[in-house]
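Visitor: Residue numbers (my numbering), protein chains in the order written: chain R, 1 to 194; chain Z, 195 to 388; chain F, 389 to 789; chain A, 790 to 1190.
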Amino acid sequence: GPLGLGRPATPDEIAAWDIDVRPDGVGLPEGRGGVAEGEELYSDNCAVCHGDFGEAVGRWPVLAGGQGTLTADRPIKTIGSYWPYLSTVYDYVHRAMPFGAAQSLSHDEVYAITAYLLYLNDLVDEDFVLSRENFLSVRLPNEPNFKDDDRLQTETFVFDEPCMKDCKPGEPTITMRAAVLDVTPEGDGEGSLE
Amino acid sequence: GPLGLGRPATPDEIAAWDIDVRPDGVGLPEGRGGVAEGEELYSDNCAVCHGDFGEAVGRWPVLAGGQGTLTADRPIKTIGSYWPYLSTVYDYVHRAMPFGAAQSLSHDEVYAITAYLLYLNDLVDEDFVLSRENFLSVRLPNEPNFKDDDRLQTETFVFDEPCMKDCKPGEPTITMRAAVLDVTPEGDGEGSLE
Amino acid sequence: AGGALAAVGAARAAGDPAILELPDWTTTLGEGVDANPYGMPSEYEAHVVRRNVPWLTADPVSSVNFTPLHELDGIITPNGLCFERHHGGVAQVDPAQWRLMIHGLVETPLVFTLEDLKRFPRVNKVYFLECAANSGMEWRGAQLNGVQFTHGMIHNVMYTGVPLRTILEECGLKPAGKWMLAEGADAAAMTRSIPIEKALDDCMVAFKMNGEALRPEQGYPARLVVPGWEGNMWVKWLRRLEIGDKPWHHREETSKYTDLLPDGTARRFTWEMDAKSVITSPSPQAPITHGKGRTVITGIAWSGRGTIRRVDVSLDGGRNWLPARLDGPSFDKSIHRFYHEFDWDGRPLYLQSRAIDSTGYVQPTKDALRSVRGVNSIYHNNGIQTWYVNENGEAENVEVS
Amino acid sequence: AGGALAAVGAARAAGDPAILELPDWTTTLGEGVDANPYGMPSEYEAHVVRRNVPWLTADPVSSVNFTPLHELDGIITPNGLCFERHHGGVAQVDPAQWRLMIHGLVETPLVFTLEDLKRFPRVNKVYFLECAANSGMEWRGAQLNGVQFTHGMIHNVMYTGVPLRTILEECGLKPAGKWMLAEGADAAAMTRSIPIEKALDDCMVAFKMNGEALRPEQGYPARLVVPGWEGNMWVKWLRRLEIGDKPWHHREETSKYTDLLPDGTARRFTWEMDAKSVITSPSPQAPITHGKGRTVITGIAWSGRGTIRRVDVSLDGGRNWLPARLDGPSFDKSIHRFYHEFDWDGRPLYLQSRAIDSTGYVQPTKDALRSVRGVNSIYHNNGIQTWYVNENGEAENVEVS
Ligand code: HEC
Ligand code: HEC
Ligand SMILES: [Ca+2]
Ligand SMILES: [Ca+2]
Ligand SMILES: [Ca+2]
Ligand SMILES: [Ca+2]
Ligand SMILES: [Ca+2]
Ligand SMILES: [Ca+2]
Ligand SMILES: [Co+2]
Ligand SMILES: [Co+2]
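(1) Taking 7 angstroms as the limit between beta carbons, can you name the residues of its chain near residue 1172 of chain A, skipping five residues before and five after?
(2) Alpha carbon to alpha carbon, how far is residue 622 of chain F from residue 614 of chain F? Give it in angstroms, no decimals.
(3) Would you mind stating whether residue 689 of chain F and residue 637 of chain F have Cβ atoms separated by less than 8 angstroms?
(4) Is DSSP giving residue 929 of chain A helix, strand or coil here?
(5) The beta strand (DSSP E) spanning residue 744 of chain F covers which residue range?
(6) Starting from the beta carbon of residue 1165 of chain A, find every residue of chain Z whose beta carbon is closer than 7 angstroms, and list them in chain order.
(7) If you follow the alpha helix (DSSP H) that residue 1016 of chain A is in, where does it begin and where does it stop?
(8) Using a Cβ-Cβ cut-off of less than 7 angstroms, list which residues of the stretch 204-220 of chain Z approach chain F; keep chain order.
(9) Can you tell me which of the three DSSP states residue 458 of chain F falls into?
(10) Would residue 593 of chain F count as contacting chain A if we go by Cβ distances under 8 angstroms?
(11) Quick one: list the residues of chain R neighbouring residue 576 of chain F, beta-carbon separation under 8 angstroms, in chain order.
(12) Residues of chain Z with a CB under 8 angstroms from the CB of residue 676 of chain F: which are they?
(13) Could you give the distance in angstroms between the alpha-carbon of residue 1144 of chain A and the alpha-carbon of residue 1129 of chain A?
(14) With a 10 Å radius around its C-beta and 16 neighbouring C-beta atoms as the bar for buried, classify residue 773 of chain F as buried or exposed.
(15) Please list the segments of the beta strand (DSSP E) lying wholly inside the stretch 709-779 of chain F, counting only runs of 3 or more residues, in order along the chain.
(16) Cβ closer than 7 angstroms: which chain Z residues qualify as neighbours of residue 404 of chain F?
(17) Tell me the DSSP secondary structure of residue 208 of chain Z in three-state form.
(18) Quick one: list the residues of chain R neighbouring residue 808 of chain F, beta-carbon separation under 8 angstroms, in chain order.
(19) Name the residue from A/1119, A/1099, A/1118, A/1120 whose alpha carbon lies nearest to the alpha carbon of residue 1110 of chain A.
(20) Using a threshold of 7 angstroms, is the CB atom of residue 20 of chain R nearer than that to any non-hydrogen atom of ligand 3?
(21) CB-CB under 8 angstroms to residue 70 of chain R, same chain, minus the five flanking residues each way: which ones, in chain order?
(22) Residue 890 of chain A: buried (16+ other C-beta within 10 angstroms of its C-beta) or exposed?
(23) Name the DSSP beta bridge partners of residue 264 of chain Z, please?
(24) Apart from the five residues on each side of it in sequence, which residues of its chain come closer than 6 angstroms, Cβ to Cβ, to residue 1070 of chain A?
(25) Name the chain Z residues whose beta carbon is nearer than 8 angstroms to that of residue 686 of chain F?
(26) Just how far apart, CA to CA, sit residue 606 of chain F and residue 1180 of chain A?
(27) For residue 208 of chain Z, is the beta carbon positioned less than 7 angstroms from some heavy atom of ligand 2?
(28) Residue 880 of chain A touches chain F at which residues, Cβ-Cβ below 7 angstroms?
(29) For residue 894 of chain A, which residues of its own chain have a beta-carbon under 8 angstroms away from its beta-carbon, when the five flanking residues on both sides are left out?
(30) Using a C-beta to C-beta distance shorter than 9 angstroms, which residues of chain Z count as neighbours of residue 681 of chain F?
(31) If you measure from the beta carbon of residue 886 of chain A to each beta carbon in chain Z, is any gap under 8 angstroms?
(32) Taking 7 angstroms as the limit, tell me which residues put their C-beta closer than that to any heavy atom of ligand 10, in chain order.
(33) Is the CB-CB distance between residue 647 of chain F and residue 515 of chain F below 8 angstroms?
(34) Going along the stretch 334-362 of chain Z in order, which residues come within less than 9 angstroms of chain A, judged by CB to CB distance?
(35) Within the chosen definition, does the stretch 992-1000 of chain A reach the stretch 453-469 of chain F through at least 3 CB pairs nearer than 8 angstroms?
(36) Identify which residue in A/846, A/1075, A/1121, A/1133 has its Cα closest to the Cα of residue 1193 of chain A.
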């Protein structure tokens, strides 16, 4: 480059770090794995946090279910109900899971677990085997429901001239108060470890 | 005041904190003390650091002597050789000395120690007694040699247009190097406590 | 004790014992210059700390803590109090082992050491970093009783670093490169897709914050700075930048950091942080303790689209507004400090602030936001905050009609 | 270890083990958000600390330590690294017991608590504070081998506080009031006389630095800010301001902080800090370790009389000069950051920098200063600094012809 800084990356170095996967399949490694192997791997490595059926243990993330809840009062956002692309599952499970042992799973294992997560979300049958070859044939149901940022087009009221005087009638009335909920950690001057 | 902040200070509060003394005697309290009492007090409270004759122990400050050294290669700046006003001695000894027990001396004690410091600097006799009444009669010898800041009047070269090219002849030659002195503390990455 | 003593006997001096009796720190020596090679706050400031909300997350290792905004002033967040958000804990990266790789649609894929990075020309810029989930717990109504918790996922720091453009030019961008993937070296291997226009505009790779090395919690030894855009994109412990022709749609831009709307659709790539402000004092953690009279209201305002042109303050829940006094430097995409001084008559206050940025964007009410977005979008809640201050000066997080 | 392993066997991947082998911080979790309520620098930055010079003073309790300028960048000094100078140790003041008394030639002598102080209107300003004795050990020639020691009695901080004028107006100044005595609550009960014009111009009583409470070493809970003037006047642990008609000529403005000239006379009331600059890297503690090629020179410049208009850099001991690149905010009486990027051919460098301020004042050479002041004035040494950099990139504090 113009400043002569850095040095060329070797192909092996790029291969070592270039782990990302895209919706169009770019980045997917050679490999394959089915629902059955996935179930075994999942129950050994994932279920302790995410639950046997992806329903989550305690407050760990829910991975399955929730279909049809996106317009409900409390939506449940899972791979099946919310995620637009399967590539994201492969990419994320490999880069960040299991929590505490990131990037420890082999390619075949990630394919298998991804297949099993599809199965838990009722998107494939129990004999399904996922591979680089058939990866793009699986589409997640919520894909069509994402749109690019349109805040400035749809929320144009933020450009109205703001009112300065007598903007509302009557006296202010409290409609909700945080003190009633009482969910705020209480400071004791001893640090944040309450 | 315009903002209604604070509250009036009581006379006793002002008296408690208004300890400063000026060259014109403003701030001097009622009291008196002589060289003899001063010697006793000094030897008990001060000599351990400043030396029996104000000559200083180790690197603690020198308080006496040094007259005529201000133009020497290594000037010795003391009350007798450098300080312009006696009021500064009274003020400082009371507010800050003895080091570790500031503001512990009584008015009479400060007068006595101040008298003794004058004596150590050959400015009064051994029977001299200092008091508020005769304080202004003592002048320190170096008073006339202080003048107000005149840097911008006398160092006008700093406003010359700076040279940008070929400002000096020849190659640079090192005339002094810090490494030769070797007085720099050496960092060891373990904090500054070397 | 001094007060009781002072009352005994008419000859005693009249006044405040804090003045009449000399304290230890005036009469005896304090610690020397070798005691604290790296200094810390006064022991009397021990309550000024980042705090977390244990029930928010399953585990503090993938969680957040909050900047104590109610205790701060000016526009700089001190490094020790910059809120933390990470998804696999704080990576403790050895700077000697740190590498930055740039590859993909570039002429020459390159690897840089930290020393290499420091050989590029540097710039210094002050920017706010706000988590897109800041105020996210408040969509359904007033929930957390303290500005630290409602608004504390923000900090404002002076960065030293290298313009990303300069680094990318060193590799030579191919014309097909339209997107950049930034990836962290932490246990979450955090990734985000960033359009190349932004990468070439004002992004930086920073290695210093407020003068000293980045803190581990903020990505030591190097992080991406993405001015005005949501904090999650400012990838910490940066290890890799890949140039590509399409976005990656990774977990943090699909499952997370997309904004669910009432009709079940979701907005993605909502990068810019909208103009927002909040009164930091008085607030639930910083009540008025001095009673009636002269009172200082202060707060902060910021916008991901530019500078703050004006902040209005209301004492009556939005019925009437007055322009606040802005003070301190006004930097692009930086926190601005505002004040409103007034004489409090002791009657309850319904405090609100409203920011207007240099594009003319006016911070909306929470109800206005809800009318478009419902209450399930989690992110980008920049609605106007209300603090109710009662006759005793105690403040509470409320919503008002 | 990785390198040796990688060499074994032809099938091994080719490249840097720091890339080919995943580090712990990528595969295992780091600390959570509850681990560090108040954050600290990385363990790899443990060498970035204030340092003192034991032989300088009799006791570390009345002494100085130095800011590690060679490790810093930008213009903000982080609070933990602001140099310390005190005359009776660090006062640990209880803010509940802190009082500020203003008396003397005022209509109403007043006492303020810290809460009272915080009810005044506040301003936020960035100012450098330089000890008048900074570089004082260098009058006779190159002595200390590190910019931390030669120039580290300076810091640059964003203060939040109250304009002193506003506080004085609350008491009502009498026309005869021409001078102000500022006094500290520490064991030195530090005092300085300040002309009333300066007090009313830009002085502040500050209670926050870089956003958070003042540090104990810098005068917690409140200090005087005296922009552009020597650091000793910025009285810390401020307890009292007396208005008078004459200066006090106290110890710190007679015995100390007066400037002895060769003829035996001495200048007093030399308040303003002259324009000055120094290259912070490379420097003896920050050698060039990358060999030939692209090199970044960086440094700081400041003036007690205004802003910095220009900084020139010389690589050949003052024979030829090039204007440096100034970057980052330019505030009045604040540190400015400069850079000079160039391709180093590996030959020895004689590095100098020269500041020019907004009044046209040009930083002088040390010899020019000595020609007027001799070598015994201790204070106000703002002469041009030279670092000699040898072929290996090692730097040394030198003087050159
Ligand atoms: C010790 C607990 C734990 C274990 C074991 C674990 N996870 Fe997770 N998982 C988490 C946490 C915590 C997160 C959220 C991390 C964050 O904050 O980004 C998560 C997130 C996920 C997500 C993203 C959820 C979402 O909605 O975005 C997926 C998918 C996932 N895990 C799959 C797995 C798989 C597959 C395994 C086993 C191979 C696994 N996890 C093992 C704790 C765990
Ligand atoms: C434990 C050591 C110690 C003792 C005991 C002590 N001093 Fe000092 N004295 C010092 C130090 C240290 C300083 C310099 C303080 C500073 O940095 O401002 C000093 C400074 C002074 C100065 C100013 C010197 C100058 O050149 O500016 C005077 C005058 C003085 N002391 C007088 C006294 C007197 C009188 C007493 C006894 C009543 C006393 N000292 C006891 C350590 C001591
Ligand atoms: Ca890739
Ligand atoms: Ca099993
Ligand atoms: Ca509670
Ligand atoms: Ca007085
Ligand atoms: Ca005796
Ligand atoms: Ca040595
Ligand atoms: Co967003
Ligand atoms: Co001076």
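Glycine included, each C-beta is placed from N, C-alpha and C at the ideal position.
Guide: Taking the definition as stated:
(1) To locate residue 1172 of chain A, count along the fourth sequence from 1; it is residue 383. Once the five neighbours on either side are set aside, the close Cβ partners of residue 1172 of chain A are 1153, 1154, 1155, 1158.
(2) Here residue 614 of chain F refers to the residue found at position 226 when the third sequence is read from its first residue. Here residue 622 of chain F refers to the residue found at position 234 when the third sequence is read from its first residue. Roughly 6 angstroms separates the two Cα atoms.
(3) Along the third sequence, one-based indexing puts residue 689 of chain F at 301. Along the third sequence, one-based indexing puts residue 637 of chain F at 249. Going by C-beta atoms, residue 689 of chain F is not nearer than 8 angstroms to residue 637 of chain F.
(4) The residue you call residue 929 of chain A lines up with position 140 of the fourth sequence. If DSSP states are grouped into helix, strand and coil, residue 929 of chain A belongs with coil.
(5) For this step, residue 744 of chain F is matched to residue 356 along the third sequence. Where residue 744 of chain F is concerned, the enclosing beta strand (DSSP E) stretches over 737-745.
(6) On the fourth sequence, position 376 is the one that residue 1165 of chain A refers to. Residues of chain Z passing the Cβ test: 269.
(7) Start at 1 with the first residue of the fourth sequence, and residue 1016 of chain A comes out as number 227. No alpha helix (DSSP H) holds residue 1016 of chain A; DSSP gives it neither H nor E.
(8) 204, 206, 207, 210, 211
(9) Against the third sequence, residue 458 of chain F aligns to sequence position 70. Looking at residue 458 of chain F - three-state DSSP - the assignment turns out to be helix.
(10) As a first step, residue 593 of chain F must be located in the third sequence, where it is residue number 205. No, its Cβ sits nowhere closer than 8 angstroms to a Cβ of chain A.
(11) Stepping through the third sequence from its first residue, residue 576 of chain F is reached at position 188. Within 8 angstroms Cβ-Cβ: 95, 96, 102.
(12) Walking along the third sequence from the start, residue 676 of chain F turns up at place 288. Simply none; closest approach about 14 angstroms.
(13) Taking the fourth sequence and counting its residues from 1, one reaches residue 1144 of chain A at position 355. Taking the fourth sequence and counting its residues from 1, one reaches residue 1129 of chain A at position 340. Their backbone Cα atoms lie some 14 angstroms apart in a straight line.
(14) Residue 773 of chain F sits at position 385 when you count from the first residue of the third sequence. Flag for residue 773 of chain F reads buried.
(15) 713-715, 724-732, 737-745, 774-777
(16) What you label residue 404 of chain F is simply residue 16 of the third sequence in a count that begins at 1. Under the 7 angstroms cutoff, chain Z gives 207.
(17) The sequence position of residue 208 of chain Z within the second sequence is 14, counting from 1. Here residue 208 of chain Z sits in helix by DSSP.
(18) A query on residue 808 of chain F cannot be resolved here, the shown segment of chain F reaching from 389 to 789 and no further.
(19) For the purposes of this step, residue 1110 of chain A is identified with residue 321 of the fourth sequence, where counting begins at 1. Cα-wise, what sits closest to residue 1110 of chain A is A/1099.
(20) The residue given as residue 20 of chain R occupies position 20 in the first sequence. Answer for residue 20 of chain R: yes, Cβ within range of ligand 3.
(21) Taking the first residue of the first sequence as 1, we reach residue 70 of chain R at position 70. Excluding residues within five positions, the ones whose Cβ falls inside 8 angstroms are 77, 81, 82, 142, 145.
(22) Numbered from 1 along the fourth sequence, position 101 holds the residue referred to as residue 890 of chain A. Residue 890 of chain A is buried by the Cβ-count criterion.
(23) Sequence index remark: in the second sequence, residue 264 of chain Z carries index 70 (1-based). Beta-bridge pairing links residue 264 of chain Z to no other residue.
(24) Counting from one through the fourth sequence, the residue named residue 1070 of chain A turns up at place 281. Excluding positions up to five away in sequence, the list reads 859, 1087.
(25) As a position in the third sequence, residue 686 of chain F is number 298, starting the count at 1. The premise fails here: residue 686 of chain F is roughly 16 angstroms from chain Z at the closest Cβ pair, so nothing lies under 8 angstroms.
(26) Translated into the one-based positions of the third sequence, residue 606 of chain F becomes position 218. Translated into the one-based positions of the fourth sequence, residue 1180 of chain A becomes position 391. If I take the Cα positions, the gap works out to 36 angstroms.
(27) One-based indexing of the second sequence puts residue 208 of chain Z at position 14. Outside the cutoff, so no.
(28) If you number the fourth sequence from 1, residue 880 of chain A lands on position 91. Chain F residues near residue 880 of chain A: 413, 418.
(29) Numbered from 1 along the fourth sequence, position 105 holds the residue referred to as residue 894 of chain A. Only 962, 963, 965, 966, 1032, 1033, 1034 meet the Cβ criterion.
(30) Taking the first residue of the third sequence as 1, we reach residue 681 of chain F at position 293. 197, 198, 199, listed in chain order.
(31) Taking the first residue of the fourth sequence as 1, we reach residue 886 of chain A at position 97. Not closer than 8 angstroms to any Cβ of chain Z, the Cβ of residue 886 of chain A fails to qualify, so no.
(32) A/921, A/1019, A/1046, A/1048, A/1059, A/1060, A/1168, A/1169
(33) Start at 1 with the first residue of the third sequence, and residue 647 of chain F comes out as number 259. Start at 1 with the first residue of the third sequence, and residue 515 of chain F comes out as number 127. No, the pair does not count as a contact, with Cβ atoms beyond the cut-off.
(34) 336, 338, 339, 340, 341, 342, 343, 344, 345, 346, 348, 349, 351, 352, 353, 354, 355, 356, 357, 358, 359, 360, 361, 362
(35) yes
(36) Any property of residue 1193 of chain A remains undetermined from this structure, which presents chain A solely from 790 to 1190.
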